[in-house]
Every structure is written in structure tokens, then in C-alpha cells.
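In the numbering used here, the protein residues as written are 34 to 298.
Built from N, CA and C at the ideal position, the CB exists for glycine as well.
Note that the structure is a prediction, hence the values are computed from the model and not measured.
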């Protein structure tokens, strides 16, 4: 993929966005790459970002997750991060919005820099900043490694639904499409991974099945965990709570909506 991924994990009281960014920037300077940190705490070279960061702050711990562009395809990257792409998906979030910035690769400033060099330089700076200059001994893991107990505990926590979705900022997702039986609009609002508001409507008011199924799904979705499988779960809830509402005459409507929204959620 042409980029390296790193995470700095530490107690909250010692965490500083700027200090961490400066640590990684200094690691690049040691590789003869003229990196610095701008006012938004971005790691930049000649005004171009070479790293993106995301942060997770809890009551006791802080996580700084970052990427470093070594030799990535920046054209593909721009396409993935464009606002137009997000707008097409219909997602509007109350989370911290990314600021569009020009990017570049480290390879533009060094023909020899690679993942290994980057890792070793960051470890060296980390040891100076947090380990009194005592060299760090890296631990290499693969799929057959037995993880230390504390690492296993942290890994298990990071795989939980609460960690992955439970603290997600509020956002809305809107979409519309056409089926043979009518036009459909969908509006879903989620907070902390739970759907708190949903409305699925159709312009087909001539039949009884279309508005009935869309209204039932609107109600059933509320309170469910947001995921690509949530419409199927809502259908199962309807079948349990209102037996017979979804039947052989209208199940195709529910299935059409489920297949469509599973790709949009």
C-alpha cells in the first residue's frame, strides 16, 4: 500500500498531540527528511502532509493512530478522501471534520527510506522521549505468536462492539433509489452506534403493501445497533413481534430494501 501505520498508546495525563507529532517529525529529520509540525499538529514536509492522525481519548488512556506516506499512490488517496465521495454516500457527521490538505510521499525526499527505517527511527526517538534514552527492544508478532496478557486484554477490548461503534459521534445517513414498485427515500440518524431515528418512505401510495412495509421498517430500525446487517435484523424483529405482516405478497419489498441499504450502511 506504500504507507506505514503506527500507534502510540500512553496514559492520558502524559499525552500531547503536538509532542507526539514532533516526536515522529524528528524521527524523519534523523532520516534527512526536512519534516516539521504545523499549527494543526500535522506532520508536513515543504507544507505537504505526509501523515494523517486519529485520536482516541478515554478517562485513563490515549491512543494516537497515524499513517506515514512512504510511497503511496496519492491519486487513489485523494479519491478516497474527497468530500464529493462522502457526499455521494449521504453521510453527515458531527465528528471532527478532516481538513483537506495537499499530500506527498517521503520517497520524494529520500530514495532509500522504507518501512523498516521509519520504524527504527521512531523507536529511537520514543526511547529518548519516554525511556531515558535506553534503547527499546522490538517485539515482532505474527499469526502464531502468543500475546502477553496485557496485550491480549487490550486486543480483546479493541474488538468489542462498544469500542468499535459505541462511542461514535452522532451522524445521519440519507439515501434514495428506485425499484420497480416505487421510489424510496431513507433517513437514518445514529448516536453512539445506536439508531435513534429512522424514516423510510415511498412515493407508491396506490398499493397497501409498499407504505406498510416501509413504515414498519422505520419503526423497527429504531434502537438497533447500526451496521450493514441492521435491516435484516429489523425484518426479523417485525416477523417476531408482528407475525404475518411480512408475507409472501410483500416480502420482496422488504428484501429489496434490505439488499439496497446493506450496501449503504
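{"Check": "Status (buried if at least 16 other CB within 10 Å, exposed otherwise) for residue 75", "Outcome": "buried"}
{"Check": "Check whether residue 60 and residue 83 have beta carbons under 8 Å apart", "Outcome": "no"}
{"Check": "Residue 101 classed as buried or exposed, judged by whether at least 16 other C-beta atoms fall within 10 angstroms", "Outcome": "buried"}
{"Check": "Residue closest to residue 140, alpha-carbon to alpha-carbon, out of 240, 215, 66, 243", "Outcome": "66"}
{"Check": "Residue 142 beta carbon less than 8 Å from that of residue 184", "Outcome": "no"}
{"Check": "Straight-line Cα distance separating residue 191 from residue 215", "Outcome": "42 Å"}
{"Check": "When 297, 135, 47, 182 are compared against residue 92, the one with the closest alpha-carbon", "Outcome": "47"}
{"Check": "Same chain, Cβ closer than 6 Å to residue 246, neighbours up to 5 away in sequence not counted", "Outcome": "283, 286, 287"}
{"Check": "Proximity of residue 278 and residue 271 at Cβ, strictly below 8 Å", "Outcome": "yes"}
{"Check": "Contact the stretch 173 to 189 vs the stretch 246 to 260: 3+ CB pairs below 8 Å", "Outcome": "no"}
{"Check": "8 Å Cβ shell around residue 35 - same chain, five flanking residues per side excluded", "Outcome": "102, 103, 104, 105, 106, 138"}
{"Check": "Extent of the continuous alpha helix (DSSP H) to which residue 288 belongs", "Outcome": "284 to 295"}
{"Check": "Opening and closing residue of the alpha helix (DSSP H) in which residue 195 lies", "Outcome": "194 to 197"}
{"Check": "Spatially closest choice to residue 204 from 241, 224, 72, 155, by CA coordinates", "Outcome": "224"}
{"Check": "Short Cβ contact (8 Å threshold) for residue 218 with residue 230", "Outcome": "no"}
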